[in-house]
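One structure is given here, and the rest of the page talks about it.
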Amino acid sequence: MGILSALKVNLLHLTRDKLNLFWNTFFPIILATFFCLVIPNMGKNFDKVNVGINKNNPHEYILKQIPYLNLKEVKEDVQTDLKNKEYKAFIEDDLSLKIVSSNSEIMVVKNILDQIKQMYETKINQEEIIKNIDKDFIEDKNHGVTGVEPILYSIIIMASLYTMFDGVIYIDNILYDSSDFAVRMLVSPIKKSTYLLNGIISALIITGFNITILIIYLKLVFGITLITNYFASIITILLIMIFGITMGMFLAVALKAKTETKTMVGLGCILLMNYTSGMMGSSVTNAITSAFPLIKKINPTFYMENALLGVNIANDNSYLITMTKFIIPFTLVLFGIALIYLRRHKYNDI
């Protein structure tokens, strides 16, 4: 079975299975639409945000004039101050941001800095920059800074993890005691490793297509641009999708249940991880992590969200590197467990 054949089979399965079609394609769009409609109407006022700057920051005069920013000088070093929550973000001399984690307040700061950068490029003097910041950012209700963006990144992560469905299905399809398809494969010339590899690739293509639809939909309908660093974002989403597949493979071999039960368990895990890492808003996340700080360290979606926010908001790839260091070993462990189980089932060619 070639990649095109596997892709065709997967597409047919996706379009014919109404439950799969709903969760993979329509649920992320429905959820994103709900938050886009509700969040902007929950209030437009922002409290002052504590941000750190160097003593000799060349933009200090301008930044002091912006009512939403409360400037603080570095106490020890930037990373230590950020971890100790001395300030939400640190503004570099080139107006880039250094953050530990992101939320709607960081989105506000990022958009303010983008405004300043754009006005510098047009060579507007400092007084005009301050005037325009007040006019264009603070008073413009259609600016697009709604505080919903971090939640939308969580939804993208959720949709990326839906490759879990395919991981469960493709493993169940080659387990002798799980499906009629597995029985037919015993006498088939098709190598099970080839079938599995093609299935994984086709799952990545289809899920990537669904995520692209979601991103384009948000841009065209709500005017929200989530992806600014395309290369780093593609790598981040690809790693998340691969993690989702191995998660599904692990569930397929670990649970002695029907395929539907396994996918529902996987779906519950995905939703729980996302709900505790940002999808329900920063206040809910902060309350959960304050009560159970261990969750922030062991929940993979925290690293995923920080990576997506980091590369697209702060233009900082260090969060992607941190996510990679956490996700890849996790992925290899899950894949290794699934592979060992399959080998012990005495299948040839896998």
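The numbering of the sequence shown is the UniProt record's numbering, which starts it at 1 and goes up by one.
For each residue, glycine too, the CB sits at the ideal point set by N, CA and C.
By DSSP's criteria, V51 is part of a beta bridge. Which residues make up the other side? L71 and A89
Pull up the CB-CB distance for I237 and M107, whole angstroms please, since I reckon it's below 8 Å. Not confirmed; about 20 Å, so no contact.
Contact under 9 Å by Cβ, L152 with A307: no
Considering just the uninterrupted stretch of the alpha helix (DSSP H) at K64, what are its terminal residues? Segment E60 to K64, the alpha helix (DSSP H) holding K64.
Minimum C-alpha distance to L21 - residue among K219, A159 and L196: A159
Could you check what DSSP says for I313 in three-state terms: helix, strand or coil? helix
Which class does I155 belong to by DSSP, given the choice of helix, strand or coil? Three-state result, I155: helix.
Helix, strand or coil at I227 according to DSSP, with G and I counted as helix: coil
Inspect the beta-carbon positions of Y303 and T322 and report whether they are closer than 9 Å. Going by C-beta atoms, Y303 is nearer than 9 Å to T322.
Rank H59, M279, E92 and K64 by C-alpha distance to the C-alpha of V74 and give the top, closest one. E92
Where does K83 fall in DSSP's three states? Assignment of K83 by DSSP, reduced to helix, strand and coil, places it in the helix class.
Contact check, F295 vs T276 under 8 Å by CB: the rounded distance? In the sequence as displayed, the identity of residue 295 is Ile instead of Phe. Confirmed, Cβ separation roughly 6 Å.
For K98, does the three-state DSSP call read helix, strand or coil? strand
Run the CB neighbour count on L239, radius 10 Å, all protein chains shown included, and call it buried at 16 or more, exposed below. buried
Start-to-end residues for the alpha helix (DSSP H) that takes in P28: F27 to V38
Under DSSP, the alpha helix (DSSP H) around M279 begins and ends at which residues? Note, M279: premise wrong, no alpha helix (DSSP H); not H, not E.
Between the alpha carbons of L12 and I39, how many angstroms are there, rounded? 36 Å
Return the chain-ordered list of same chain residues with a C-beta closer than 6 Å to the C-beta of F35, the five sequence neighbours on each side being excluded. So the qualifying residues of the chain are V148 and I151.
Once you ignore the five residues that flank I138 on each side, which residues in its own chain have a CB closer than 7 Å to its CB? Note on I138: pLDDT 38, under 50, position unreliable in the model; the coordinate value appears next. Excluding the 5 residues flanking it on each side, I138 has no same chain C-beta neighbour closer than 7 Å.
In whole angstroms, what is the alpha-carbon distance linking M264 and T207? 18 Å
I believe I245 touches T301 by the beta-carbon criterion, under 8 Å. Please report the beta-carbon distance rounded to the nearest angstrom. With 8 Å as the limit, I245 and T301 do not qualify as a contact, their Cβ atoms being about 16 Å apart.
Looking only at C-alpha atoms, which of I200, I116, K85 and V100 sits nearest to D94? I116
How would you label N24, buried or exposed, when you count the other beta carbons within 10 angstroms and need 16 or more for buried? buried
L251 to V109, Cα distance in whole Å? 41 Å
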